[in-house]
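Number of protein chains: 2
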Amino acid sequence: MDAALKAVAEPRRREILRIVWSEELPATEIAVRVGEVTRSAVSQHLAVLKGANLVVERRDGTRRLYRSNHQEMARLRSFLDEYWTTGLERLRDAVEAHERNTGGTHG
Amino acid sequence: MDAALKAVAEPRRREILRIVWSEELPATEIAVRVGEVTRSAVSQHLAVLKGANLVVERRDGTRRLYRSNHQEMARLRSFLDEYWTTGLERLRDAVEAHERNTGGTHG
DNA sequence: CGCTTGGTTCAGTTGACACTTACGCAAGTC
DNA sequence: GACTTGCGTAAGTGTCAACTGAACCAAGCG
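Residue numbers (our numbering), protein chains in the order written: chain A, 2 to 108; chain B, 2 to 108.
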């Protein structure tokens with residue numbers, strides 16, 4: 002999930018994600034549409050996105066087709082929803098640990 | 002919004018955001034709870050978060066109290082929801098522009 | 001004014017990373 | 001097997017950002 006957030010934080014990778022959002026495309030075609038950078042750069046971005054499970058790769062002979070992984074994107078979204086509030090219990094644990102260490106200096 | 006995503010991509014800043022999620026705290030106290038890094042580092046993180054409007058600062062004499070900006074967090078969440086799908090119109094523009102350039106190589 | 005407390009900002013270091021060029025590798029075609 | 005197409009990987013470079021330590025600014029106290 003950390004990897005997913007970092008991946009999405011990159012504008013170029015967001016662009017790629019949008020390009021393959023509604024259609025499956027080969028790496029070269031993605032690189033053409035992105036423009037401005039080399040195929041190599043796009044390939045490396047695709048590797049990062051694949052590592053974060055944000056895109057799915059399908060092989061077709063010598064070609065590799067990519068598409069966005071909507072499911073993982075949804076997970077990312079719900080992470081942003083729940084991480085903070087769900088963390089309240091963990092936060093309270095942290096506060097209690099802190100109070101044990103300091104003698105309760107802040108409350 | 003780009004700034005917000007980049008800010009949230011940093012684990013330390015996410016930690017800070019969660020620390021001040023449900024209570025307003027002074028910078029030093031935040032630094033103590035974060036631990037592991039200096040006040041200076043935390044101060045710089047707070048500046049980034051403030052720049053992304055993800056935290057709000059309130060001055061109280063010599064102290065500065067921080068808290069998470071839930072509203073902006075909600076905006077960030079809905080951005081992740083809508084960016085890709087809303088972008089379909091823009092994507093179609095891009096595709097059409099691409100087809101004008103290539104003569105429609107991909108169907 | 002000097003001192004303390006709370007906090008930011010400046011200068012410099014270090015590691016990560018986006019990028020390019022060059023090369024390597026797989027899969028077809030002849 | 002040579003040649004081409006499609007794409008990943010390796011090596012090297014420049015830039016950015018997270019961090020530390022020191023200096024600095026603001027506010028209260030004597």
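The beta-carbon is built from N, C-alpha and C at its ideal position, and this holds for glycine as well.
Original post:
Between B/Met-2, B/Trp-85 and B/Ala-48, which lies nearest to B/Arg-65 when the distance is taken from Cα to Cα?
Top reply: B/Ala-48
Subject >> Within chain B, the residues that A/Lys-7 reaches when beta carbons sit closer than 7 angstroms >> reply: Ala-10
Original post:
Closest Cβ-Cβ distance between B/Asp-3 and chain A: below 8 angstroms?
Top reply: yes
Original post:
Taking the alpha helix (DSSP H) that A/Ser-41 falls in, what are its first and last residues?
Top reply: 40-52
Original post:
Given a limit of 8 angstroms on CB to CB distance, which residues of the region 65-82 of chain A reach chain B?
Top reply: Ser-69, Met-74, Leu-77, Arg-78, Leu-81 and Asp-82
**OP:** Pair every Cβ in the region 30-40 of chain B with every Cβ in the region 21-32 of chain A, then say whether three or more of these pairs are closer than 8 angstroms.
**Re:** no
**OP:** Consult DSSP for A/Leu-55 and reduce its assignment to one of helix, strand or coil.
**Re:** coil
Original post:
Under a three-way DSSP split, which group does A/Ser-109 fall into?
Top reply: Nothing about residue 109 of chain A can be read from this structure; chain A reaches only from 2 to 108.
Original post:
So A/Glu-21 and A/Ser-69 are in contact, right, with Cβ under 8 angstroms, and what is the actual spacing, rounded?
Top reply: Here residue 21 of chain A turns out to be Val, not Glu, going by the sequence shown. Going by Cβ atoms, the distance from A/Val-21 to A/Ser-69 rounds to 5 angstroms, so yes, they are a contact pair.
**OP:** Output the distance between the C-alpha atoms of B/Asp-82 and B/Asp-61, rounded to the nearest integer angstrom.
**Re:** 37 angstroms
**OP:** With 8 angstroms as the threshold, decide whether the Cβ of B/Leu-47 is near any Cβ in chain A.
**Re:** no
**OP:** Could you name the residues of the same chain whose beta carbon sits closer than 7 angstroms to that of A/Lys-51, not counting the 5 residues immediately before and after it, in chain order?
**Re:** Glu-58
Original post:
Does the Cβ-Cβ distance between B/Ala-53 and B/Ala-8 come in under 8 angstroms?
Top reply: yes
Subject >> Chain-ordered chain B contacts of A/Leu-18 [CB-CB under 8 angstroms] >> reply: Trp-85
Original post:
Is any heavy atom in the ligand FMN found nearer than 7 angstroms to the beta carbon of A/Arg-76?
Top reply: The ligand FMN is not part of this structure, which contains no ligands at all.
Original post:
Apart from the five residues just before and just after A/Ser-44, which ones in its own chain have a Cβ nearer than 8 angstroms to its Cβ?
Top reply: Ala-28 and Ala-32
Original post:
Can you tell me the Cα-Cα spacing of A/Thr-63 and A/Glu-11, whole angstroms?
Top reply: 28 angstroms
Subject >> Neighbourhood of B/Leu-77 by C-beta distance below 6 angstroms, restricted to the same chain and skipping five residues each side >> reply: Ala-5
Original post:
Going by other Cβ atoms of all chains shown within 10 Å of its Cβ, with 16 needed for buried, is A/Arg-15 buried or exposed?
Top reply: buried
Subject >> Inter-residue spacing [alpha-carbon to alpha-carbon] between B/Leu-18 and A/Arg-13 >> reply: 26 angstroms
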